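Here's the structure, in structure tokens; my notes come after.
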Amino acid sequence: MNMYRHHILELYKNPINKGRLVDETHTSTKSNPTCGDKIRISLIASNKIEDIRFSGEGCAISQAAASILTEHVKGKTINEIMKLDGDDMLELLGIEVAPMRLKCAMLALETLKKSLGDKNVRN
Amino acid sequence: MIRMHFPIINKEFSYLDNAATTQKPSQVIDAIKNYYEEHNANIDRGLYELSERASILFANARKTVEHFVNAERVIFTKNATEALNLVAYGLMKNLRKGDNIVTTVLEHHSNYLPWKILSEEKKVEFRVAGLKNEKLDEETFLSLIDKKTKVVTITYVSNSIGVKNNLTKLIPLIKKKSNAKIVVDATQAVSHFRVDMRELQADYLAFSGHKMYGPTGIGVLACTVKSLEELPKLFYGGGMVNSVTEKGIEYATDIKAFEAGTPNIAGAIGLAAAIDFIKRTGFVTIEENDSQLVSYAINEMNKIKGLRILGTNQVSTIGFVIESIHPHDLATILDSEKVAIRAGHHCAQPLINSLGLSATARISFGIYNNKEDIDRLILGLKKAIEVFA
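Same order as they appear, the protein sequences are chains A and B. Oh and the first sequence: position 24 is 23 in numbering that gives the first Met the number 0, straight run, nothing missing. Oh and the second sequence: position 28 is 27 in numbering that gives the first Met the number 0, straight run, nothing missing.
This is how it looks when you write it as structure tokens:
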């Protein structure tokens with residue numbers, strides 16, 4: 000049960016950076032069609048991420064990933080964020096993700112990139 | 000022992016996703032292998048003995064299917080989705096503004112989206128009956144049907160929550176209120192109890208081979224002679240014409256006009272073998288196994304705190320949720336305990352949303368499932384609750 004490590008379950012039950020910023024400058028919503036996971040990213044950024052929140056619902060993996068990612072990108076530049084890839088996300092999660100669940104793990108990162116205008120992210 | 004007939008089934012593993020696809024008995028696998036090894040040729044055109052043999056096997060497969068659901072005609076498709084789209088495109092062609100179509104919120108997307116999208120295009124009203132006490136609200140459903148209803152399309156058994164619609168009661172009542180064409184999605188029904196098209200008075204009936212112990216890539220659109228005549232041709236090509244000259248085209252008649260190109264011959268033969276398997280097993284045995292498993296599972300699941308079973312009077316599929324565990328997490332943990340279940344919206348999002356949920360877990364039984372499978376499931380569910388405690 001490598002996926003359900005303590006820190007993942009803890010963040011699922013008690014997420015961080017959950018909510019919505021009133022004066023958000025960027026936002027995007029994305030869902031995972033196979034399972035109904037849903038993430039909305041709300042952030043304030045000019046060059047750097049000044050503040051960020053997420054809202055949504057879904058499985059432990061998608062929701063814990065959103066907490067971890069939003070915490071990680073605070074203060075990072077948009078360029079730095081655009082360079083983050085799947086391997087970086089898995090490293091941040093610190094767990095082995097089963098192939099069938101990779102979409103759950105990547106949802107927050109894809110939503111974040113989409114909110115910053117990444118055209119490569121598919122809806 | 001029925002389990003012996005299924006090479007993939009073993010003691011170490013519980014396959015509880017039969018509503019998605021069933022496993023295949025040796026009889027079906029052998030029939031396909033035997034066809035390719037001994038009888039393979041294109042049908043209805045080769046002027047040699049081998050082609051004649053293949054043609055006879057294919058024609059016999061069609062007869063087996065016709066007899067199985069007591070249909071006047073059977074068109075082979077690639078699956079139930081294609082069959083339902085074929086009817087939807089065919090019937091919608093003649094609809095006018097002001098007409099309406101009636102369906103239910105229990106439908107799989109394959110019997111929902113074609114009608115919904117074509118309704119929008121045709122400016123035809125798309126009426127969807129909801130649930131009452133987690134089964135079809137029959138009163139509302141019937142109240143939606145009027146003289147302008149041109150199609151009523153309804154599932155026999157819900158793929159997500161296993162509820163069976165009482166079609167033998169409902170269809171005569173529909174017929175009293177309108178001349179609508181009756182389309183039945185029998186995908187989750189045909190391998191669990193006897194389906195008789197004439198008795199049902201359905202105009203069209205669709206199902207997939209792979210959910211009834213047959214191979215993938217073969218499905219069925221069964222219909223009456225009259226309802227077949229009302230379908231326009233959709234695909235053009237080989238096999239569906241008698242002659243093509245500069246002066247004009249003479250089309251093949253009857254079902255052949257709907258099966259352009261070389262059909263899935265091996266698939267049809269495999270499907271016929273699956274029907275033989277079902278007949279040999281017998282619906283008495285199948286229904287007894289289903290009902291024992293459903294009542295045992297529900298009884299055991301109800302002992303688990305925070306578990307909610309969806310729907311009622313399940314045939315062979317049980318939808319459920321567990322408080323504070325997402326169905327996907329549940330499925331992953333059960334997988335590590337060697338239990339395969341389905342999680343998500345089961346291609347029936349309108350239904351899942353109408354239950355106030357975004358995803359559910361689902362177990363569904365086949366003829367090889369037994370009480371040990373359910374015991375393993377229950378252990379897995381307890382493990383998941385422990386992990387998330």
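All C-beta atoms, glycine included, are put in the ideal place defined by N, C-alpha and C. Source: prediction; values computed, not measured.
Under the three-pair Cβ rule at 8 Å, the region 369 to 384 of chain B does not count as touching the region 136 to 146 of chain B.
Within chain B, the residues whose beta carbon sits less than 8 Å from that of R100(A) are H327, T331, listed in sequence order. Looking at the backbone, the Cα of V123(B) and that of L350(B) are separated by about 22 Å.
Cβ contact annotation for Q26(B) (same chain, cutoff 6 Å, sequence separation greater than five): A272, F276, in chain order. If you check each beta-carbon in the region 35 to 62 of chain A against every beta-carbon of chain B, the ones closer than 7 Å belong to G35, E56, G57, C58, A59.
Looking at the DSSP output, Y203(B) bridges to V182(B), C222(B). Here N164(B) is buried, its C-beta having at least 16 other C-beta atoms within 10 Å. For A59(A), the secondary structure class from DSSP, reduced to helix, strand or coil, is helix. For S363(B), the pairing in a beta bridge is given by DSSP as D16(B), T316(B). Identification of chain A residues near G318(B) by a Cβ-Cβ cut-off of 8 Å yields none; the smallest Cβ-Cβ distance measures about 14 Å.
Note that the region 45 to 60 of chain B does not touch the region 172 to 185 of chain B; fewer than 3 beta-carbon pairs, one per stretch, sit closer than 8 Å.
For the 8 Å CB-CB criterion, A360(B) and I340(B) form a contact. In its chain, beyond the 5 residues on either side, I40 have a beta carbon closer than 6 Å to the beta carbon of L111(A). Closer than 8 Å to the CB of A65(A) there is not a single CB belonging to chain B.
Taken residue by residue, none of the region 174 to 203 of chain B has a beta-carbon sitting less than 9 Å from a beta-carbon on chain A. With 16 or more other Cβ atoms inside 10 Å of its own Cβ, M2(A) counts as buried. Along the length of the region 265 to 339 of chain B, whole alpha helix (DSSP H) runs at least 4 residues long occupy 282 to 300, 326 to 335, reported in chain order.
In the three-state DSSP reduction, K37(A) falls in the strand class (E or B). Contact between T103(B) and L135(B) holds: their C-beta atoms lie close to 6 Å from each other, under 8 Å. Contact between the region 187 to 195 of chain B and the region 87 to 99 of chain B is absent, with fewer than three C-beta pairs closer than 8 Å.
Taken in chain order, the whole beta strand (DSSP E) runs of length 3 or more contained in the region 112 to 183 of chain B are 124 to 128, 148 to 154. Pairing D86(A) with F67(B), the inter-Cα distance amounts to about 52 Å. Between Y295(B) and I366(B), the gap from beta carbon to beta carbon reaches 8 Å or more. Taking one beta carbon from each stretch, the region 233 to 241 of chain B and the region 284 to 301 of chain B have fewer than 3 pairs nearer than 8 Å; the two do not touch. Using a Cβ-Cβ cut-off of 8 Å, H345(B) does not count as an interface residue toward chain A, since no Cβ of chain A sits closer than that to its own.
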